[in-house]
Each structure stands twice: as C-alpha cells, then as structure tokens.
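Residue numbers (the numbering used here): 7 to 310.
What follows is the structure, given as structure tokens:
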C-alpha cells in the first residue's frame, strides 16, 4: 500500500492466479507467500471451476478475495472461447451454475453473489468485437494478461478489441493480470492498484472499488488521469520513470498521439487535445525498461 500526495490509499493486487488446485505450479499457500513477498496487498486465487474462499485475515498477510475461472468452448475460437473470472463473491456461484451453463449465465451469477465478472484474455481467445458485444454486465476486461505473452503464448494485449468496443459505446473497465501458472516470467508482472481513498481496507470496499473502476492497470507506472477543459491530462511522478505516453481514441487519424520525454528526465505530465469527434480517450504509459501502464477509458461526448 502507498499513500499519494492527496492522501489516497492505493492497494496492489492480482485478480487472476492459478495454483495446484487446478493447473498452476505452486500450492495455494506458496502462491500467497510469493505474492506477499512481492509487495502485494490482495490476491484472488482463481482456479478453473474450483471456488477459492476469501479471507480478510489470511495468515499470509494478504487480503484474499474469493475467486474462480470459468472456461467455455476451449478449442472452438470460431464459436467463441470465453474465460470468465469471478472475484470477490460472498457465495459460490456454482451452487446455481455449472459447465453446462452459458458464459452470460455465469456472469449473471457472479454478480448475484456480490462479485466482479472479468472477461479474461480476449486477444488470446481470439474474441472478436462482435462476439463480445453480446455480453451484458461484464465488470472488466483484461487489457493485458501476462501468461498470454512469451514464452508459452503470444497474444497478451487486447487493446484493439477494447478500442473497437469503446468506439461503439461499450466502455469496459480495464485490468492487467498475471494469470499465473508456470512462473516463467508471468508472475508479479501485471497488476492493478486500487484506490480506496481513505476507506478501510476490506473485501466490501475493495470489491466495490473494482466494480467502480477505481484502479489503474500497470506493470510499474503510477499515474492519474483527468479531463482539464479541452484536454485529457496524464500525471505521474518522476519515480515512475515514464518516457512515453500514447493516447487512444476512436478516430484513426491524429497528428500527435504520443508525448515522449526529452531523454534528460522522465515525463511527469502529458496532455492530449480532445477532438470534437472523440467518443472516448484512454492512455498507455511506457518506461525505459518496457513496463506499461493502462488507464481506464474516459467516455466523451462527440459531436459526430
């Protein structure tokens, strides 16, 4: 946890983690110990089709959110491979749903149990915009999934489908996760920092903040975003070592989408002039050592 200059309390966590209860390398106990050693504050154990109980007083020192990953149609990318991660539930959704259920029924039951429903690794799953437009009440989408990167996979980044959906007025919250399995470099790489402001650190407040999108997705950069008049502004500290910021909107052409450091010192601010036809804006921040931060989507009122 860290406290920013405004007094806001930020908590670090991973929302997608596997253990030996399904197809992960480490036991639940070793997994929790590892993430605590990496400075994490909370963790969700999301083994396939196995409900992981939550705890606000785990002996690891972490706040443990309940979790499960539900996977559908794993070999049929034309029909649609969908992996839904549920976190923070107060009861097991599988009391009412099962492998014969649809992905939408699973999303609905996760929400009914007080949790957040996250669409996992859509790029890895080859999910199209048209496929995802059929879902309702998805809490968040993984814009980056570490295990979907090399050496085991090659499609970790889902920004294209994020922007296609946002161009159509579908604004998902964006998360970055490890989807930890093998400990081949995906572990403790991509996470979220949740802003609880000055609220107590407990399951109820944490899940509410995740549902509301009160967090950043990152591999290192810590930053804030805001709209200031006709500009979208990204601010970060020098210690984030950000050397570039890129801005994404629905319009294909923009004369200047990136702000780069001069090489002498890191960026602390980047501004993007909002165009009258921008329907949304989001930002990605980059460090010299190739770590990325992803903002949430800010919807805008475009003239066209």
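Don't be surprised by glycine CBs; every beta carbon is placed ideally from N, CA and C. Note that the structure is a prediction, hence the values are computed from the model and not measured.
Boundaries around residue 20 are those of the beta strand (DSSP E), 15 to 20, since no alpha helix (DSSP H) includes it. Comparing C-alpha distances from residue 232 to each of 225, 226 and 240 shows the shortest one belongs to 240.
For the pair residue 108 and residue 275, the Cα-to-Cα distance works out to about 44 Å. Residue 168 and residue 126 have their alpha carbons spaced roughly 12 Å apart. Taking residue 138 as reference, the option from 174, 105 and 121 with the minimal CA-CA separation is 174.
Secondary structure at residue 211: helix, using DSSP grouped into helix, strand and coil. Distance between residue 264 and residue 251, taken at the CA atoms: about 5 Å.
Residue 42 is positioned such that its CB atom lies closer than 7 Å to that of residue 66.
Cβ-Cβ distances below 7 Å link residue 221 to 198, 199, 200, 201 and 215 in the same chain, with the five nearest sequence neighbours on each side left out; the list follows chain order.
Counting along the chain, residue 252 sits inside the beta strand (DSSP E) bounded by residues 248 to 254. The secondary-structure analysis by DSSP pairs residue 266 across a beta bridge with 250. For residue 34, the three-state secondary structure derived from DSSP is helix. In the three-state DSSP reduction, residue 119 falls in the coil class, being neither helix nor strand. In the structure shown, the three-state DSSP call for residue 135 is helix. Where residue 166 is concerned, the enclosing alpha helix (DSSP H) starts and stops at 165 to 173. The C-alpha of residue 236 lies about 6 Å from the C-alpha of residue 280.
In this structure the region 145 to 160 lies against the region 175 to 184, because at least three pairs of beta carbons, one per stretch, are closer than 8 Å. Non-local beta-carbon contacts of residue 189 in its own chain, meaning distances under 6 Å to residues more than five positions away in sequence, involve 31 in chain order.
Under a 10 Å Cβ-count criterion, residue 196 is classified as buried, with 16 or more other Cβ atoms of the shown protein chains found around its own Cβ.
Rounded to the nearest whole angstrom, the C-alpha separation of residue 87 and residue 106 is 14 Å.
Assignment of residue 285 by DSSP, reduced to helix, strand and coil, places it in the coil class.
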